[in-house]
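Undergrad: Mapping to the working numbering: the sequence shown position 31 is 22, numbers consecutive. Have a look at this one.
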Amino acid sequence: MEFLGPDAWRAVALSLKVAFWATLAALPFGLGTAYLLARGRFPGRSLLNGLVHLPLILPPVVTGYLLLLTFGRRGPVGQLLEEWFGIVLAFRWTGAALAAAIMAFPLMVRAMRLAIEAVDPKLEAAAATLGASKLRVFATVTLPLIAPGVIAGAVLAFAKAMGEFGATITFVSNIPGQTQTVPSAIYAFLQVPGGEDTALRLVLVSVAVAMLALALSEWLARRVARRIAGR
């Protein structure tokens, strides 16, 4: 505990929690969107592609402000969520997870889309000619082949969610113990005289978590690839 202190450890724990749920929530939507962009041919495909990558282009603060306008208590979606389900996202850790998921979404989709595009469509067509439905073809042929790409996309999203700052602080502020993630905590400690040491330690923790996540993804990708190859 002496390495960081209670407030800093709480920020680390909250960042891991936010990144985990952001990645988990974005995963099915990311996979579905990646498949649509890779295999779909429909009007508005270019528009969908642009919307998916918009968070990469816009300043993160703009994305956070748009989230606040949409999902805040007075926003059209946020007001309905609170009235119908009692869910409040603004200035809550769940809002931080939403902001992180949106900012990480383009990276996840891109990794998965590249993996899907690398799969030979003839393999899927061959399975379809044997009577398999589209869902079964995807589950038994496409998904096993793109598993390394799915893992890579999930890890990229997790790492991005861990480091998200601009959209998060705009949407949920920087409340210690509630919405203060590692980037927000680093920023806060840098504003306090004598807080540079704690900020540096948080940076080291962030680097360690990122490296661990990358190493884990590499190990999982290799293991999945060996299973697919039957070795």
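We put the beta carbon where it would ideally sit given N, CA and C, even for glycine. Note that this is a predicted model, so its numbers are computed, not measured.
Rounded C-beta distance between residue 80 and residue 151? I'm assuming under 8 Å.
TA: Position 89 of the sequence shown, counted from the start, is the residue given in the question as residue 80. Position 160 of the sequence shown, counted from the start, is the residue given in the question as residue 151. Actually they are not in contact, since the Cβ atoms of residue 80 and residue 151 sit about 19 Å apart, beyond 8 Å.
Undergrad: By Cβ distance below 6 Å, which residues in the same chain neighbour residue 51 in space, the five residues on each side in sequence not counted?
TA: Locating residue 51 in the sequence shown gives position 60, counting from the first residue. Cβ within range, chain order: 157 and 158.
Undergrad: In the DSSP assignment, find the alpha helix (DSSP H) that holds residue 5 and state where it starts and stops.
TA: The count along the sequence shown starts at 1 and reaches residue 5 at position 14. From DSSP, the alpha helix (DSSP H) with residue 5 extends over -3 to 30.
Undergrad: Which whole-angstrom value describes the C-beta separation of residue 31 and residue 162, a residue pair presumed to lie in contact below a C-beta threshold of 8 Å?
TA: As a working note, residue 31 is residue 40 in the sequence shown. As a working note, residue 162 is residue 171 in the sequence shown. Going by Cβ atoms, the distance from residue 31 to residue 162 rounds to 31 Å, so no, they are not a contact pair.
Undergrad: Assuming residue 102 and residue 144 make a contact with CB atoms under 8 Å, what is their CB distance in whole Å?
TA: Reading the sequence shown from its first residue, position 111 is the one you call residue 102. Reading the sequence shown from its first residue, position 153 is the one you call residue 144. Residue 102 to residue 144, Cβ: 4 Å. Contact.
Undergrad: Quick check: the Cα distance between residue 43 and residue 125, rounded to an integer number of angstroms?
TA: The sequence position of residue 43 within the sequence shown is 52, counting from 1. The sequence position of residue 125 within the sequence shown is 134, counting from 1. If you take the alpha carbons of residue 43 and residue 125, they lie about 24 Å apart.
Undergrad: Under 8 Å by Cβ, that's how I've got residue 4 and residue 149 pegged, so tell me the actual separation to the nearest angstrom.
TA: The count along the sequence shown starts at 1 and reaches residue 4 at position 13. The count along the sequence shown starts at 1 and reaches residue 149 at position 158. So it is not a contact: roughly 15 Å between Cβ atoms.
Undergrad: DSSP on residue 83, reduced to helix/strand/coil?
TA: The residue you call residue 83 lines up with position 92 of the sequence shown. Residue 83 falls in the coil class under three-state DSSP.
Undergrad: Can you find at least 3 beta carbon pairs, one from the stretch 127 to 138 and one from the stretch 106 to 119, that sit closer than 8 Å?
TA: Segments in contact, yes.
Undergrad: Classify residue 111 as helix, strand or coil using the three-state DSSP reduction.
TA: On the sequence shown, residue 111 is found 120 positions in, with the first residue counted as 1. Residue 111: coil per DSSP, three-state reduction.
Undergrad: Taking its Cβ as the centre, do 16 or more other Cβ atoms sit within 10 Å of residue 170, making it buried, or is it exposed?
TA: Taking the first residue of the sequence shown as 1, we reach residue 170 at position 179. So residue 170 counts as buried.
Undergrad: Which of the three DSSP states, helix, strand or coil, is assigned to residue 41?
TA: Within the sequence shown, numbered from 1, the residue matching residue 41 stands at position 50. The answer is helix: DSSP assigns residue 41 an H, G or I state.
Undergrad: Let me know the alpha helix (DSSP H) ranges lying completely inside the stretch 143 to 222, each 4 residues or longer, listed in chain order.
TA: Correct list: 157 to 163, 173 to 181 and 187 to 220.
Undergrad: Can you grab the Cα-Cα spacing for the pair residue 63 / residue 13, in whole Å?
TA: Within the sequence shown, the letter at position 72 stands for residue 63. Within the sequence shown, the letter at position 22 stands for residue 13. Taking the straight line joining both Cα atoms gives about 18 Å.
Undergrad: Report buried or exposed for residue 96, applying the criterion of at least 16 other Cβ atoms within 10 angstroms of its Cβ.
TA: Sequence index remark: in the sequence shown, residue 96 carries index 105 (1-based). Buried.
Undergrad: Are there three or more Cβ pairs, one per stretch, closer than 8 Å when the stretch 206 to 218 is compared with the stretch 133 to 141?
TA: With a cut-off of 8 Å, the stretch 133 to 141 and the stretch 206 to 218 count as touching, because enough Cβ pairs lie within range.
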